[in-house]
Amino acid sequence: MHSLLARQIEQCTDQDGRLDQERFYALISSAYDDDARARHRLERSITLMSEEMGELNAQIALEARQTLTRYILESRDALITLDADNQILLMNHAAAQAFGVDDARAVSGTSIDRFIDPSHLNEGQVSTFNGRHSAGHDVPISATFSLGTVDGTAFRIIALRDETERRAREEALEIAKQTAEHANEAKSSFLAMMSHELRTPLNALLGSAELMARTELDDTQSNYVRMFNEAGRLMMAMVNDVLDYAKIEAGQLEIEKHPTSLKQLARELDTLWGPHAASKGIYLKIDTDHLDWDMVIGDPTRLRQIVFNLVSNAVKFTVSGGVTIRLNSVTKGRECRLDIEVEDTGVGIPLDRQASIFKAFIQADSSITRRFGGTGLGLAIAKSLAQQMQGDLTLRSTPGKGSTFLFEARFEATLEQENADIETASDSEITRPLQVLAVDDNALNRQILAAMLDLWPVHTVWATNGVEALEAMEVQAFDVVLMDVQMPIMDGMTATRRVREGQGINRHTPIVALTANARKEDRDQCMASGMTDFVTKPISAEALANALMRATQMNEVSDDPDQSEVA
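Each residue of the sequence shown is one higher than the one before, starting from 248 at the first, in our numbering.
Listed below in structure tokens is the structure:
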């Protein structure tokens, strides 16, 4: 502006330096007119641009509203938009279907309270609650909402899901789970009952065979008794396998922890299976040279079960040559890693069957099943037990040349000695007459038990149920009570609790459970009721003698004044 004014002054000044004022004013007036026209054109352009921007913004806002509306209406998800007063602006078909609304447009402008309590909604969070169906019943839904603006207008959008089907599925799954649990409990109860029912006649069969073997027999009769006894013990092993597999399926098979001697295990293998192998004309070799440790903390019963099963199979399936058992251990610190190899020169296992040999109810082939028998559960149980001992059970085999089973496990090394019960007893060990109360509701079992007790200087009083047992214990003191568990009128555990809770003369008398219920939980329940010992059926004379000896030792300790409690 200053440069323009300077030029205009210069134009209006003559050579003598005089200013032509009229010309100067005319030039200034013309400049101001030009400036006014320019400002007018600029203002007009701005006005036109503002009108165009307004139309563009209106078009954008319209398109935004249309896009949002189209998205909501076409969405498969159930969507509802609300204004600031919780009035419904828009409800799509999925939302209308969830609430049983026939015409979604008809609910526009009505309060959302009709379908949803707004207090349940939390911005950005999923809430699960019951909505209200147009028919009047509750609708389980999950919903979340968020805030938004379109064309300066605030709104809320609710995304919801009808949870009716999901809840129905969950309820169906829960019912199915409960049904499966009940079925599993029923199966366990059935197996326990069948075990009891099978063990009861087996007790009579094996007891009779054992008693018969104690009589004078010729060679033919002795052979018959031996076969009778082996068949009965095979049946017993099958019952135990079925029970163990049921426990594995139910996740109830537990590994106990007790001091266990690996060298004692080797000696038992030689004692039990050496003569049997010799009778078949095959060798049994046991190598313990690579055992660097003896005592470990483990489950001696289950450890023997695994190894005895492997050796039993090896001897059974080997007709020439023999069986070699290698026990190896590597001990570092308190960890002992045990490997036991059972190698035989038997029939072997076909390659295509080796992967399935550890599955339940599987045998190598049907001809072997017919020839050698078995349930097909032993290896499945053994592998499961090995895995519970932080190890495994694997196989190498060549058909026609033999098989090698490798059992691996980890144990805690210990210097603690095995505290085993008395395992052997002879007739002469029961040196003084014993007063025994024997309680059993089964007449055949009473006959077998009576014949066994007649082997020793025992005077026996008999009862057939818990009530009769309590009556007998009220009038006579006994050295030991042999108590069946499952009996009519009153069971053995109830009778035992009554004795322990009372003040009678047999309050502290040893009570030995003689039962066909062989599960660990059965033993625990018997001990919890106050019983002092547990002998499972079928009962052998040796096991019965051991139980009587233990009871006698308990009585001697309790009668020793130096061992009594000081009041």
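Beta carbons: idealized from backbone N, C-alpha and C, even for Gly.
| Asked | Found |
| --- | --- |
| Beta-bridge pairing of Trp709 - partner residues as DSSP gives them | Ala685 |
| Where Tyr326 falls: helix, strand or coil (DSSP) | The question names Tyr, but residue 326 is Leu in the sequence shown. Correct three-state label for Leu326: strand. |
| Nearest-angstrom Cα separation, counted from Ala629 out to Arg573 | 18 Å |
| Coil, strand or helix - Gln334 by DSSP | strand |
| Alpha carbon of Thr411 to alpha carbon of Leu368, nearest angstrom | 19 Å |
| The segment 584-593 touching the segment 560-574, judged by at least three CB pairs closer than 8 Å | yes |
| Span separating the alpha-carbon of Arg352 from that of Ala415 | 30 Å |
| Whole-angstrom C-beta distance between Met720 and Val732, which should lie under 8 Å | Between Met720 and Val732 the Cβ distance is about 17 Å, and since that is not below 8 Å, they are no contact. |
| DSSP beta-bridge partners of Pro704 | Paired residue(s): none; Pro704 is not in a bridge. |
| Ser526: first and last residue of the uninterrupted beta strand (DSSP E) it sits in | Ser526 -> not in any beta strand (DSSP E); alpha helix (DSSP H) instead, spanning 509-526. |
| Own chain, CB closer than 7 Å to Met474, minus 5 neighbours either side, in chain order | none |
| Exposure of Gly580, with buried meaning 16 or more beta-carbon neighbours within 10 Å | exposed |
| Of the listed residues Asp280, Leu598, Thr645, Arg657, nearest to Gln634 (C-alpha basis) | Arg657 |
| Backbone CA spacing between Ile544 and Lys767 [nearest angstrom] | 19 Å |
| Cβ pair count under 8 Å reaching 3, the segment 467-487 against the segment 529-541 | no |
| Rounded Cβ spacing between Met730 and Met778 (contact assumed at less than 8 Å) | 7 Å |
| Backbone CA spacing between Thr756 and Asn793 [nearest angstrom] | 17 Å |
| Range covered by the alpha helix (DSSP H) that runs through Lys504 | First-last for Lys504: undefined, no H or E at that position. |
| Rounded separation between Thr467 and Glu501 - CA only | 44 Å |
| Proximity winner among Ile388, Ser358, Asn333, Leu329, relative to Arg344 (alpha-carbon distances) | Going by the sequence as given, residue 344 is Gln instead of Arg. Comparing Cα-Cα distances from Gln344 to each of Ile388, Ser358, Asn333, Leu329, the minimum goes to Ile388. |
| Whole-angstrom distance between Tyr530 and Leu512, CA atom to CA atom | 18 Å |
| Whole-angstrom distance between Ala710 and Leu490, CA atom to CA atom | 30 Å |
| Straight-line Cα distance separating Lys494 from Gln425 | 18 Å |
| 6 Å Cβ shell around Pro704 - same chain, five flanking residues per side excluded | Pro680 |
| Local conformation of Ser644 per DSSP, three classes | strand |
| DSSP bridge partner residues for Val782 (one or two, in chain order) | Leu761 |
| Expected contact under 8 Å - CB spacing of Gln601 and Ser559 to nearest Å | Their Cβ separation, rounded to whole angstroms, is 19 Å, which puts Gln601 and Ser559 out of contact at 8 Å. |
| Alpha helix (DSSP H) segment containing Met774, residue limits | 767-776 |
| Ile422 vs Leu326 beta-carbon contact at 8 Å | no |
| Integer-rounded CB distance, given that Leu795 should sit under 8 Å from Ile677 | 6 Å |
| Inter-residue Cα distance where the pair is Val373 and Leu420 | 23 Å |
| Inside the segment 545-579 only - beta strand (DSSP E) runs reaching at least 3 residues | 569-579 |
| Same chain only: Cβ atoms within 8 Å of Ser469, ignoring 5 sequence neighbours per side | Ala460 |
| Residues near Gln262 in its chain [Cβ-Cβ closer than 6 Å; skip 5 each side] | none |
| Start and end residues, beta strand (DSSP E) containing Thr462 | Counting along the chain, Thr462 falls outside any beta strand (DSSP E), and DSSP gives it neither H nor E. |
| Short Cβ contact (8 Å threshold) for Gln750 with Leu632 | no |
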